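Undergrad:
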Amino acid sequence: MKISMLVNKRKNKRYIIGTLVFACVSLMIIVALTFSYMCEVCNNAIESVTEILLREQAVNDSIASMISTSTMSHMNTKCESKELLGALYTNRNFDTQSCSKINAVTFVENYLSKKTLQNRYYSSPEYGFVYFFNGKKYKKLQPGMYSQVISLTGNFARFLSYEKRKRDILDFWDNHLEFNEIYRDSVSKNLVMTIATPVTNSYTREVIGVMYTDISEDELQQHVFSRSPAPKWVSVTANNISYDRPGSLCATQHCETHALSFNILSQPLAEIFILEANVDLYAFIKENIKIFLAVLMAFIVIVTAAIKAINLFLKTQKHAVIDSLTQVYNRQIISHLSGKDYNSLVIFDCDEFKVINDTHGHLVGDAALTHIASIISDNVRNEDVVVRYGGDEFIVLCTNEKIHARKMAERICSKLKVNPLVFGDLTLPLSISFGVAEFTDDLHTALYKADKALYAQKLKSRSQKVDATN
20 MKISMLVNKR
30 KNKRYIIGTL
40 VFACVSLMII
50 VALTFSYMCE
60 VCNNAIESVT
70 EILLREQAVN
80 DSIASMISTS
90 TMSHMNTKCE
100 SKELLGALYT
110 NRNFDTQSCS
120 KINAVTFVEN
130 YLSKKTLQNR
140 YYSSPEYGFV
150 YFFNGKKYKK
160 LQPGMYSQVI
170 SLTGNFARFL
180 SYEKRKRDIL
190 DFWDNHLEFN
200 EIYRDSVSKN
210 LVMTIATPVT
220 NSYTREVIGV
230 MYTDISEDEL
240 QQHVFSRSPA
250 PKWVSVTANN
260 ISYDRPGSLC
270 ATQHCETHAL
280 SFNILSQPLA
290 EIFILEANVD
300 LYAFIKENIK
310 IFLAVLMAFI
320 VIVTAAIKAI
330 NLFLKTQKHA
340 VIDSLTQVYN
350 RQIISHLSGK
360 DYNSLVIFDC
370 DEFKVINDTH
380 GHLVGDAALT
390 HIASIISDNV
400 RNEDVVVRYG
410 GDEFIVLCTN
420 EKIHARKMAE
430 RICSKLKVNP
440 LVFGDLTLPL
450 SISFGVAEFT
460 DDLHTALYKA
470 DKALYAQKLK
480 SRSQKVDATN
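Numbering of the sequence shown is given in the numbering used here, commencing with residue 20 and proceeding in unit increments.
#1: Any chance the region 414 to 434 sits against the region 382 to 389, with 3 or more Cβ pairs inside 8 Å?
#2: For VAL255, count the other beta carbons within 10 Å of its own beta carbon; 16 or more makes it buried, fewer makes it exposed. Which is it?
#3: According to DSSP, simplified to helix, strand and coil, what is ALA392?
#4: Grab me the residues of PHE311's own chain with a C-beta within less than 8 Å of its C-beta, minus the 5 sequence neighbours each way, in chain order.
#5: What runs of the alpha helix (DSSP H), each 4 residues or longer, lie entirely inside the region 380 to 436?
#6: Opposite GLY454 in the DSSP bridges: which residues?
#7: Roughly how many whole angstroms lie between the Cα atoms of SER396 and ASN349?
#8: Taking the Cβ atom as the reference point for each residue, do LEU466 and ILE414 lie within a distance shorter than 9 Å?
#9: Is ILE321 closer than 9 Å to ALA525 when the C-beta atoms are compared?
#10: Of the residues LEU447, ILE391 and LYS468, which one's Cα is nearest the Cα of ILE375?
#11: Tell me VAL298's beta-bridge partners as DSSP assigns them.
#12: Should ASP444 be labelled buried (16 or more other beta-carbon atoms within 10 Å of its own) or exposed?
#13: What's the gap between the Cα of LEU435 and the Cα of GLY37?
#14: Which residues in the same chain have their Cβ closer than 7 Å to the Cβ of LYS251, if we skip the five residues on either side of it in sequence?
#15: What three-state label does DSSP hand LEU478 in the structure shown?
#16: Bridge partners of PHE442, per DSSP?
#17: Please say whether VAL405 and ARG425 have beta carbons closer to each other than 9 Å?
#18: Specify the secondary structure class of ASN307 as computed by DSSP and reduced to three states.
#19: Judging by CA-CA distance, which residue of ILE329, GLY410, LEU315 and LYS334 is the nearest neighbour of THR345?
#20: Since LEU364 and ALA469 are thought to touch, with beta carbons under 8 Å apart, how far apart are those beta carbons, to the nearest angstrom?
#21: Would DSSP call TYR348 helix, strand or coil?
#22: Return the chain-ordered list of same chain residues with a C-beta closer than 7 Å to the C-beta of VAL347, the five sequence neighbours on each side being excluded.
#23: Distance check for LEU331 and ASN62, CA to CA, integer angstroms please.
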């Protein structure tokens, strides 16, 4: 009979399920860590694009063109994040001839009133320009990002001569962003917008003119992603949240062009678009093939170890209930069995086993037990269970009724009489006694009844031997 039919199935199932759960949890942890890594990279990509867009907006507002790294070092970048963060740029030596000497002096929360803070774009000849960004949303972005000067700017009015600026000064302070509408170029058929780049004297830093140029949405896209650390398997798409102006912009290398509407005059670029990062799974696997192979190997090792652990457990279970000498079940198996599966029980005891041990030695005694176990096992049905109960005692759990179990026991005794033990040059006849009981309550009760019947048979056999001797 198979071991799986005899040992406690609940324990086996619990162990196997526990091992499989361990393997599944390991796989889930690997998947979760991979997913977490992908999400982190996506978030970093979005923040990277956001920073670039904020930087572009700062340039378009003429901030980046008017400050240097040395002036930014005076700012308190460790200030606690608030709803609005920004930097105040003021004219140190303000006069009508010069309004380009701008320095960052403080965070606006510590300098301006609440009423002033409500105005996102605060500009005046006295204070210069104040730019705000959302500190809670972009905690990783520090004002130091403005230290890099980028050549693109739409707010070129500050760099004009006094005469030119005088004509445009009112319009400048009212609008302070000089972008034209996005339109479709008649030659290239691309969506473009006109921007202005200040031309300065490299020695005096004096603005000597303005160069106008058009930039297409594809160029802007390339301009943004040429400086983005986002890997190839991450695609960042931009969707607009404003409907003031028709236009198109796609902030990704991998997505199709999205039709967008936005108002350059009302919001920073980073707040015009809703950025979403998508993962190209094939590209991700291709780029991280070594990592995936390592993870796959780790999972295979885990599953293999789990299978080996299950097999080892089953072997251990089997060895725990198998008698090493006779290769039948030992008495430990009884605790795993249910009396409801059997109708009768037979107990066998080797006659004069102590005499055999004392006369011929323990090796012959062990051979006798093995021979008896073999005869019993060969003459029971597949559904019956043979157990070495202890010493020279064997029991058989039978599915047959008591009357059939008795016939089986008698047949085994007859077989043993005609098949003596052959051990080297020694031929030793063996005999066994038996007791039979049927299951009424439980296994232990049946054992007790069968043992009493065995004892009675032994007494009867001894009495017959005494009478025969007399």
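Virtual Cβ for every residue (Gly too), placed ideally from N, Cα, C.
A quick note: this is a predicted structure, and the numbers were derived from the prediction, not measured.
TA: In short, the structure shows the following:
#1: no
#2: For the purposes of this step, residue 255 is taken as residue 236 along the sequence shown, with counting starting at 1. Buried.
#3: Here residue 392 corresponds to residue number 373 of the sequence shown, with the count starting at 1. In the structure shown, ALA392 sits in a helix (DSSP, three-state: H, G or I).
#4: Locating residue 311 in the sequence shown gives position 292, counting from the first residue. Taken in chain order, the residues that qualify are ILE304.
#5: 381 to 397
#6: Numbered from 1 along the sequence shown, position 435 holds the residue referred to as residue 454. Answer is ILE366, bridged to GLY454.
#7: To locate residue 396, count along the sequence shown from 1; it is residue 377. To locate residue 349, count along the sequence shown from 1; it is residue 330. Looking at the two C-alpha atoms, the distance is approximately 14 Å.
#8: Residue mapping note: residue 466 aligns to position 447 of the sequence shown, counting from 1. Residue mapping note: residue 414 aligns to position 395 of the sequence shown, counting from 1. Contact: yes.
#9: What is shown of the chain runs 20 to 489, which leaves residue 525 out entirely.
#10: As a working mapping, residue 375 is identified with position 356 in the sequence shown. Selected option, being the one with the closest Cα: LEU447.
#11: Translated into positions along the sequence shown, residue 298 becomes position 279. According to DSSP, VAL298 bridges with VAL253.
#12: For this step, residue 444 is matched to residue 425 along the sequence shown. By the 10 Å Cβ count, ASP444 comes out exposed.
#13: Here residue 435 refers to the residue found at position 416 of the sequence shown. Here residue 37 refers to the residue found at position 18 of the sequence shown. If you take the alpha carbons of LEU435 and GLY37, they lie about 47 Å apart.
#14: Counted from its first residue, the sequence shown places residue 251 at position 232. Taken in chain order, the residues that qualify are ALA302 and GLU306.
#15: In the sequence shown, counting from the first residue as 1, residue 478 sits at position 459. Helix.
#16: For the purposes of this step, residue 442 is taken as residue 423 along the sequence shown, with counting starting at 1. For PHE442, which the question treats as bridged, DSSP gives the partners LEU445.
#17: The count along the sequence shown starts at 1 and reaches residue 425 at position 406. The count along the sequence shown starts at 1 and reaches residue 405 at position 386. Going by C-beta atoms, ARG425 is not nearer than 9 Å to VAL405.
#18: Position 288 of the sequence shown holds residue 307. In this structure, ASN307 counts as coil in the three-state DSSP scheme.
#19: Locating residue 345 in the sequence shown gives position 326, counting from the first residue. Cα-wise, what sits closest to THR345 is GLY410.
#20: Reading the sequence shown from its first residue, position 345 is the one you call residue 364. Reading the sequence shown from its first residue, position 450 is the one you call residue 469. Rounded, the Cβ-Cβ distance is 5 Å, consistent with contact.
#21: Numbered from 1 along the sequence shown, position 329 holds the residue referred to as residue 348. Three-state result, TYR348: strand.
#22: Mapped onto the sequence shown, residue 347 falls at position 328. Closer than 7 Å at the Cβ level, and outside the excluded window around VAL347, lie ALA392, SER396, VAL405, VAL406 and ARG407.
#23: To locate residue 62, count along the sequence shown from 1; it is residue 43. To locate residue 331, count along the sequence shown from 1; it is residue 312. Rounded to whole angstroms, ASN62 to LEU331 spans 46 Å at the Cα level.
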